[in-house]
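Using the UniProt record's numbering, read the sequence shown as starting at 1 and increasing by one per residue.
Structure, as structure tokens:
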Amino acid sequence: MDMPVELRDGTSNQGSADGARISAVTDTGAQSDLWSLEEFLACGFSRDYLRPVSLSLSAANRSPITIEGAFSARLSTTCSRGRVTSCRSMVYVSSSVQAMYLSYESLLNLGLLPVNFPSNDVAWAPKDRRIHG
């Protein structure tokens, strides 16, 4: 599922223009939020935003994912009822991927997954773990 997301540098003041609206892939198997270096740069961000990290990630098929760096971000999305939710996240930037992938934890924090995911129960309420700051 593609999900529109607003991504801002989490260290900027609220009035800062350091942000981007992008589509993200919801990846319940992902343990980290991961963004394409190409999209990161195309959205006007600079490599100067990236903090060096020593993290080794691998894809579901066990192929290595190169990490260029990471930055603290505020992720926001608008749910179907028009309610905006947001959370803070450490986003890893990689030249090995071609999109933005939202992790399981971010999906929970944004209220995009049911509390009992991956249960097949029909009734659910958004998880009340969203982080506001």
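Just so you know, even glycine gets a beta-carbon here, dropped at the ideal spot from N, CA and C.
Relative to the C-alpha of residue i, which candidate in the options has its C-alpha closest?
i: S106; options: R81, S76, V97; result: S76
i: S95; options: G44, C43, R83, E38; result: E38
i: S80; options: L113, Y49, S56; result: L113
i: I22; options: T28, A42, G29; result: A42
i: G19; options: A30, Q31, F45; result: F45
i: L57; options: V84, G29, G82; result: G29
Compute the distance between the beta-carbons of residue i and residue j, then report whether it is under 9 Å.
i: Y92; j: G69; result: yes
i: R74; j: S63; result: no
Mapping the DSSP letters down to three states, classify residue i as helix, strand or coil.
i: L102; result: strand
i: L55; result: coil
i: F45; result: coil
i: F117; result: coil
i: L112; result: coil
i: L75; result: strand
i: L50; result: coil
Please return the same chain residues whose Cβ sits closer than 7 Å to the Cβ of residue i, not counting the five positions on each side in sequence.
i: A59; result: I65
Between residue i and residue j, how many whole angstroms is the CB-CB distance? I'm expecting something under 8 Å.
i: R51; j: F71; result: 6 Å
i: Q98; j: S36; result: 5 Å
Ordered along the chain, which non-local residues of its own chain (more than five positions away) have a Cβ less than 8 Å from that of residue i?
i: D33; result: A73, L75, S89, M90, V91, Y92, M100, Y101, L102, S103, S106
With a threshold of 6 Å on Cβ separation, who are the neighbours of residue i within its own chain once the five nearest residues in sequence on each side are excluded?
i: F40; result: V93
i: residue 139; result: Since the first residue of the chain shown is 1 and the last is 133, residue 139 is not available in this structure.
Taking 9 Å as the CB-CB limit, is residue i close to chain B?
i: S86; result: The structure shown has no chain B; it contains just one protein chain.
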